[in-house]
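J.:
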Amino acid sequence: MKKLYYISVLFSLLLFSCNDSFLDRPPLDELTDDNYWQTEQHVINAANACYPGLIGKDIVNMDCLGEDLIWYQDKSWRVISSGNYGSSFGTLNSQWNSRYTALYRCHYFLENYNRATSVPEEVRERYAAEVKVIRAFQYWLLTSFWGDVPFITKTLTVESPELYEARTNKYEIVDWILNDLEESYKYLPESIEPASDEFGRITQAAALTMKARLALQFADKEHPGYWEIASEAASRVMRMNKYGIYKTGNKDKDYENLFNFTGRASRVAANNETILAYVYGYDDNANTKVVHNLSRECHVPDQQARYMPSKAFCDSYLCLDGKPFGISELSDSSSYAAYFENRDPRMKQTVLPPGYAPYYGGRDGRDLTDVDNVFMAPRFNNDKKGSVSGTGFYCVKYVEPTKVPVYNTDDNDIIIMRYAEVLFIYAEAMFEQGKLTQDIVDQTINQLRGRVGMHPMILTELQQWGMDIREEIHRERRVELFMEGFRWFDVVRWKEGWRLGDPIKGVNKSWVNETQKDYISSYRTDNYGYLILDDSRQFVDPKNYLFCLPQEQMERNPNLKPNNPGWD
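For reference, each letter of the sequence shown is one residue, going 64 to 631 in our numbering.
1. Are the beta-carbon atoms of THR231 and PHE208 separated by less than 8 Å?
2. Less than 8 Å between the beta carbons of ALA38 and LEU544, yes or no?
3. Please state whether the Cβ-Cβ distance between GLN579 and PHE456 is less than 8 Å.
4. What's the gap between the Cα of MET520 and the Cα of ASP505?
5. Please name the residue in PRO408, ASN242, ALA368 and PRO464 whose C-alpha comes closest to that of PHE324.
6. Name the two residues that bound the continuous beta strand (DSSP E) containing ILE338.
7. Between ARG619 and the rest of its own chain, which residues show a CB-CB distance below 6 Å, the 5 nearest in sequence each way excluded?
8. Is it right to say THR7 is buried, meaning 16 or more other beta carbons lie within 10 angstroms of its own, or is it exposed?
9. Ignoring anything shorter than 3 residues or poking outside the stretch 146-182, list the beta strand (DSSP E) runs there in chain order.
10. Go through its chain and collect everything with a Cβ distance to VAL555's Cβ below 8 Å, but skip five positions before and after it.
11. How many angstroms separate the CA atom of ARG433 from the CA atom of GLU577?
12. When the Cα atoms are used, what is the spatial distance from ASP598 to VAL300?
13. Closest to ALA278 by CA distance: which of LEU219, ASP473 and ASP243 is it?
14. Run through DSSP, which three-state label would VAL451 get?
15. Under 8 Å by Cβ, that's how I've got SER452 and PRO441 pegged, so tell me the actual separation to the nearest angstrom.
16. So, does the stretch 300-311 touch the stretch 280-292, judging by three or more C-beta pairs under 8 Å?
17. Rounding to the nearest angstrom, what Cα-Cα distance links GLY497 and GLN367 in this structure?
18. So for GLN510, helix, strand or coil by DSSP?
19. Under 8 Å between the Cβ atoms of ASN590 and ALA229?
20. Give me the Cα-Cα distance between ASP238 and CYS458, rounded to the nearest whole angstrom.
21. Which class does ASN627 belong to by DSSP, given the choice of helix, strand or coil?
22. State yes or no: is the C-beta of LYS448 within less than 8 Å of the C-beta of GLY424?
23. Would you call SER373 buried or exposed, if buried means 16 or more other Cβ atoms sit within 10 Å of its Cβ?
24. For THR523, which residues does DSSP report across the bridge?
25. I believe LEU173 touches ILE265 by the beta-carbon criterion, under 8 Å. Please report the beta-carbon distance rounded to the nearest angstrom.
26. Would a C-beta distance cut-off of 8 Å place CYS382 and PHE388 closer than the cut-off?
27. Exposed or buried, what is TRP134 when buried is set at 16 or more other beta-carbons lying within 10 Å of its beta-carbon?
28. Hey, out of SER294, GLY418, PRO224 and GLY516, whose CA is closest to THR437's CA?
29. From the DSSP output, in three-state form, read off HIS518 for me.
30. Can you tell me whether DSSP reads PRO90 as helix, strand or coil?
31. Does any heavy atom of the ligand PLP sit closer than 7 Å to the C-beta of VAL437?
32. Please report the Cβ distance between VAL106 and ARG198, rounded to the nearest whole angstrom; I am assuming they are in contact, meaning their Cβ atoms lie under 8 Å.
33. I need the straight-line Cα distance from ASP427 to THR472, nearest angstrom please.
34. Are the stretch 116-125 and the stretch 582-596 touching by the rule of at least three beta carbon pairs closer than 8 Å?
35. To the nearest angstrom, report how far apart LEU271 and THR588 are at their CA atoms.
36. Would you say SER247 and LYS284 are within 8 Å of each other, going by their C-beta atoms?
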């Protein structure tokens, strides 16, 4: 893995920082737009400047838009998720600006890269194709959040009339982007070896995954053709035979290790599941450290845990026999520890289970005088001696234990795309086309269940048990892709918005250790004794299926109006 540097490149129209995750290079402080675009390195540097548009760790933050992951102090995604906001809410405007700023960078590159005439055309087109995938990523977010949005495909100035045009129909945008990806993806390398110097760059597999993701997002009964596009793009990735499920035979740890240092693809050649990751670099002794703080935020030893799984999410894990919790005879909610037993093994590799070690979150709910680095019970006493979770559940997914004790030193990969998503896209799209077979289930969902030793999904068995196949496909995607930024997008496209209006709940009051009972005395509980953290959430159909337009943007461009349905 080459060192990471931030290099400022000054152009006459744009000043931005390049996140060079791939190559060492000398300072370029003296470069201007007039003498730029001379070498391949210039083209690479400019393409790299577009990569921050893939967001990085904020992909995890975005999962707080849904009902499965709660960030206790977040005032952005959590507020939007609750439905209790309006057009003046700052996150709307900041996200709008961030996405269009990223598009500006992409368009600036695409308008200028061919000035590097000394660089072979196939090289130039490779980096242009990378940037087009990043552009598609921006429009996936924009059209998912707001529906119809201004469709911009070039750089604009303050005099540009496009600044004041009306919004473009989202399906017109989606079709244009899908065609753009299809025309450009062939210039990319099919794949890039994990742990290689170039890992983290966009490939054909990433472009096709982006195409499949975008098509799936907008497929429905009125637009069924998108399901065919999604399944076809996903199948092309599958037929490459370059990717697979990361597994070493350790069924109790392989899923968990995919997201920590043990399996991170930027350093581990055996991980051929990660298609695209946002690569960080603290441990390579680079002059400039590029880090995040996710591991510590999950188990912060002296404060509230930043990310907390909800009861609704934890309930979604099946029991080992393949039946839902509460229906299976293996269900046991008599205690905190019992709740984790006989469940889909991914549960203990995603949500911190009793007995987990080494645990560096300080004192747990036992409140031992001498910390033994073993987690057994949730903590609610916020006395700065241990990690506190309002729901009583903690994340273990994405946690690298060695990075919990020290602030802001985590350089674990943040996965943007992985092969598991491709398999889910293919399975779901084939189901919606009426083409799902047991063979397809075995190629997709059961590959993921097999990694952890979970009971396979058998279609005839689901029918015998009275379980809905579509619902079970959705459930699989929910538990496998938790904390990867998909939940809100899935709830929206499945038209299950009511889930976002349900109260956020935590553990059962009876499960709480005696040393912690006083600290939950103010919590309200439901009829079964489960803690209620938030019952102020609302979801209005169809209003909350789209974000409200930012007030600031409507003031700048009145032609954006009318607002999305229900927001006026």
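Ideal Cβ placement from N, Cα and C applies to all residues, glycine included. Fair warning: this is a prediction, and the values are worked out from it, not measured in the lab.
T.: Reading from the atomic positions:
1. Their beta carbons are not under 8 Å apart, which means THR231 does not touch PHE208 by this criterion.
2. Shown here, the chain extends from 64 to 631; a query on residue 38 therefore has no answer.
3. Taking 8 Å as the Cβ cut-off, GLN579 and PHE456 do not qualify as a contacting pair.
4. Per the coordinates, the alpha-carbon of MET520 lies some 8 Å from the alpha-carbon of ASP505.
5. With distances taken between Cα atoms, PHE324 lies closest to PRO464.
6. Run containing ILE338: 337-341, per the beta strand (DSSP E) assignment.
7. Closer than 6 Å at the Cβ level, and outside the excluded window around ARG619, lies no residue.
8. Residue 7 falls outside the range modelled here, since the chain spans only 64 to 631, and no answer is possible.
9. Those beta strand (DSSP E) runs which fall completely within the stretch 146-182 and span 3+ residues do not exist here.
10. Around VAL555: SER207 and TYR608.
11. Before going on, a small fix: residue 433 reads as Asp here, not Arg. When rounded, the distance between both Cα atoms is 18 Å.
12. Straight-line Cα distance between these residues: approximately 42 Å.
13. It is ASP243 whose Cα lies nearest to the Cα of ALA278.
14. Strand, per DSSP.
15. About 5 Å separates the beta carbons of SER452 and PRO441, which is inside the 8 Å limit, making them a contact pair.
16. Of all C-beta pairs linking the stretch 300-311 to the stretch 280-292, fewer than three are shorter than 8 Å, placing the two stretches out of contact.
17. Approximately 46 Å between the Cα atoms of the pair.
18. Helix, per DSSP.
19. Cβ distance not < 8 Å, so ASN590 and ALA229 don't count as in contact.
20. Cα to Cα, ASP238 sits roughly 38 Å from CYS458.
21. In the displayed model, ASN627 falls within coil according to three-state DSSP, outside both helix and strand.
22. Against a cut-off of 8 Å, the Cβ pair of GLY424 and LYS448 comes out as no contact.
23. Result: buried.
24. Bridge partners of THR523: none, in fact.
25. The beta carbons of LEU173 and ILE265 sit about 14 Å from each other, so the pair does not count as a contact at 8 Å.
26. Closer than 8 Å, so yes.
27. By the C-beta density criterion, TRP134 is buried, having at least 16 other C-beta atoms within 10 angstroms.
28. According to the sequence displayed, residue 437 carries Val and not Thr. VAL437 has its Cα closest to that of GLY418, out of SER294, GLY418, PRO224 and GLY516.
29. Three-state result, HIS518: coil.
30. Here the model assigns PRO90 a pLDDT of 45, short of 50, so the residue's position is not dependable and the matter cannot be decided.
31. This structure simply doesn't include the ligand PLP, nor any ligand for that matter.
32. The Cβ separation is near 16 Å, so there is no contact.
33. Approximately 23 Å, taken between the alpha carbons.
34. Short answer: they don't touch.
35. Answer to the nearest angstrom: the Cα atoms are 46 Å apart.
36. One thing to note: SER247 has its Cβ no nearer than 8 Å to the Cβ of LYS284.
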